Amino acid sequence: MTPEISGFTGRLVIHVTLYDALNDFLPPNRRGRPQVVAAPQGEAPALKHVLASLGVPPVEVSRALLDGVPAPLTQGVPPDARVAAYPYEVSPWPTANGAPRFVLDNHLGKLASYLRILGFDTLYRNDYQDPELARLAAGGRILLTRDRQLLMRNAVRYGHWLRNKAPRRQLQDVFAYFQLAEYVAFFSRCPHCNTPLQTVEKSAVLERLEPLTRRYYDDFRLCPNCGQIYWQGSHYERMQAWLHEVLTP
Ligand SMILES: [Zn+2]
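If you're matching positions, the sequence shown starts at 0 in numbering that gives the first Met the number 0 and goes up one per residue.
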């Protein structure tokens with residue numbers, strides 16, 4: 000028996016070219032070059048499985064060509080075929096309920112807060128398990144994660160792999176990739192628990208306010224779920240200025 004030396008010796012192969020940001024899924028030394036995927040004899044794996052074998056989640060692929068012809072990701076790929084795959088410049092998202100809604104993987108708490116402050120319905124807990132995250136994504140939410148295996152689950156139809164660890168860069172990435180600018184509703188949602196905030200009379204929260212807050216502010220919002228009170232104080236202004244700076248191209 001001859002040992003297989005290179006991994007592809009004596010086997011049929013599929014040639015894959017990844018364009019633009021899809022190269023992010025490859026190790027740095029393999030980016031920008033044609034890729035070769037082993038094609039087991041007698042099988043024609045689906046396009047999405049060919050791409051997944053290179054670490055590319057299908058939800059990040061806008062279109063693919065099979066031997067130069069547009070093809071769905073479910074199409075079988077015969078040996079010796081040439082595949083080209085392109086990323087989204089702007090990702091689609093479920094449009095049934097107005098603004099896009101999100102569910103975030105563990106360890107993305109900062110990004111969750113930012114999206115909520117900007118008014119986006121964002122589910123986040125630091126103990127969601129993968130099946131739960133996939134189920135929530137299947138229900139019409141965009142899944143944001145740094146775990147590409149999670150993004151490859153069949154139930155996930157809309158999602159994005161966050162290339163960067165820094166929350167600020169993550170927010171910039173998500174904002175551009177899903178074109179969120181026109182959906183911003185600043186401080187309409189509780190950053191702590193995701194509940195829509197309610198306008199509340201000053202008199203109703205007066206006894207819970209510090210003396211200076213009581214003296215200088217008149218407009219208050221209340222989270223009906225966790226009871227947190229918000230007003231347009233210095234923290235609010237700093238956060239608004241910071242977000243404006245981060246999100247202005
Ligand atoms: Zn709350």
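Quick reminder that beta carbons are idealized off the backbone N, C-alpha and C, glycines included. Note that the coordinates shown come from a computational prediction; the quantities given were computed from them, not determined experimentally.
Residue i - partner residues in DSSP beta bridges
i	result
T198	R220
Q34	V15
P86	V60
Y182	Per DSSP, none; premise fails for Y182.
Y123	L103
H159	L143
P69	L64
W230	F219
Where the beta strand (DSSP E) containing residue i begins and where it ends
i	result
R213	It is not in any beta strand (DSSP E) - R213 instead sits in the alpha helix (DSSP H) that spans 210-215.
V245	Counting along the chain, V245 falls outside any beta strand (DSSP E), though it belongs to the alpha helix (DSSP H) covering 233-246.
L142	141-144
Pairwise C-alpha distance: residue j and residue i
i	j	result
V89	N224	34 Å
Q231	F219	8 Å
L114	H48	32 Å
L143	L110	10 Å
Contact set for residue i: own chain, Cβ-Cβ below 6 Å, skip 5 residues either direction
i	result
L221	Q197, V199, I228
A51	M151
Closer than 6 Å: residue i CB and nearest ligand 1 heavy atom
i	result
N224	yes
T121	no
T194	yes
H191	yes
Q239	no
Q227	yes
Cβ shell of residue i (< 8 Å), same chain only, five flanking positions each side left out
i	result
R167	V245
G296	Given that the chain is displayed from residue 0 to residue 248, the structure contains no residue 296 and the question cannot be resolved.
Cβ neighbours of residue i in the same chain (closer than 7 Å, five flanking residues each side left out)
i	result
M0	Confidence at M0 is low in this model, with a pLDDT of 36, below 50, so its placement is unreliable and the value that follows should be read with caution. So no residue of the chain qualifies.
Y127	N105
Delimiting residues of the alpha helix (DSSP H) encompassing residue i
i	result
V55	First-last for V55: undefined, no H or E at that position.
D79	Careful: D79 lies outside any alpha helix (DSSP H) and carries neither H nor E.
L114	108-116
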